[in-house]
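Please read the structure below before turning to the comments.
Residue numbers (our numbering), protein chains in the order written: chain A, 653 to 765; chain B, 33 to 145.
Written out as structure tokens, the structure is:
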């Protein structure tokens with residue numbers, strides 16, 4: 653089956669610290685991979701995506717690289733801001749599974765000034 | 033000019049009641065979704081409609097009945113509400129069922145007492 657596992661939070665950081673959120677997937681095939689962000693009281697927004705192995709998605713200073721050999725899609729940001737405080741969701745989508753999004757459990761990130 | 037909107041934003045009701053949540057999108061998309069996010073932030077798809085036809089039904093109790101009167105609307109009716117139905121329900125839409133980005137609404141927080 654198709655599943656996504658990401659590190660549990662909360663992750664608490666100081667401003668300008670380096671952020672990594674681990675995400676691994678299992679799939680019978682080669683899914684597209686996504687990171688979504690949910691700010692307090694809001695819906696999910698697509699942060700970045702990668703559709704094939706070795707692709708790197710990037711947006712707003714965040715990056716993630718699709719690693720087929722380790723079935724991973726870890727999210728990184730070099731210098732976080734207080735405004736990055738949110739819940740981050742890793743997700744996969746597999747055409748053979750009807751293109752439905754399968755989400756990880758979410759990781760809450762809290763950035764303190 | 034909200035892209036995906038949901039009403040109501042909050043819904044508090046008693047066990048056994050019947051309630052509806054409405055979703056509208058003005059993006060011209062032809063595919064809409066309902067997701068459920070539980071208290072631990074775990075997010076899972078419930079239904080997907082394409083051109084008013086049901087294409088994904090993820091083993092949701094038949095107390096939940098989605099209805100799509102047209103491509104821009106997907107409503108969720110819930111009969112005989114139970115405590116376990118308490119969650120945040122997100123509507124989303126996309127341009128087709130393929131590898132297109134899904135746009136999420138702000139969510140409806142349902143509390144069953």
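All C-beta atoms in this analysis are idealised placements derived from N, C-alpha and C, irrespective of residue type, glycine included.
Contact note: residue 134 of chain B reaches chain A through 753, using a C-beta cutoff of 7 Å and chain order.
At a cut-off of 7 Å between beta-carbon atoms, residue 713 of chain A makes no contact with chain B. At a cut-off of 7 Å between C-beta atoms, residue 699 of chain A does not count as an interface residue with respect to chain B.
Between the C-alpha atoms of residue 749 of chain A and residue 678 of chain A there is a straight-line separation of about 13 Å. Listed as beta-bridge partners of residue 121 of chain B by DSSP are B/68, B/140. Within the same chain, Cβ atoms closer than 6 Å to the Cβ of residue 731 of chain A are found at 668, the five residues on either side in sequence being excluded. Not a single CB atom of chain A sits nearer than 7 Å to the CB of residue 54 of chain B. In the three-state reduction of the DSSP assignment, residue 731 of chain A falls in the coil class.
Contacts with chain A at 7 Å (Cβ-Cβ) do not include residue 110 of chain B. Residue range 105-110 is occupied by the beta strand (DSSP E) that includes residue 105 of chain B. Closer than 9 Å at the C-beta level to chain A, one finds these residues of the region 79-91 of chain B: 80, 87, 88, 90. Counting along the chain, the unbroken beta strand (DSSP E) around residue 82 of chain B starts and ends at 75-82. Nearest in C-alpha terms to residue 95 of chain B, of all of B/52, B/139, B/44, B/136, is B/52. Between residue 84 of chain B and residue 100 of chain B, the C-beta gap is smaller than 7 Å, which places the two residues in contact. For residue 739 of chain A and residue 108 of chain B, the gap between their C-alpha atoms comes out near 25 Å. Under the 8 Å Cβ criterion, the region 117-128 of chain B counts as touching the region 63-78 of chain B, having at least three qualifying pairs. At a C-beta separation below 8 Å, residue 138 of chain B has these neighbours in chain A: 693, 694, 695.
DSSP, reduced to helix, strand and coil, places residue 54 of chain B within a strand of the structure shown. Collapsing the DSSP output to three states places residue 702 of chain A in a strand. For residue 758 of chain A, the chain B residues whose C-beta falls within less than 9 Å of its own C-beta are 69, 72, 73, 74, 75, listed in chain order.
A distance of 7 Å or more separates the beta carbons of residue 695 of chain A and residue 79 of chain B. Within the region 729-749 of chain A, 739, 741, 743, 745, 747 place their CB atoms closer than 9 Å to a CB of chain B, listed in sequence order.
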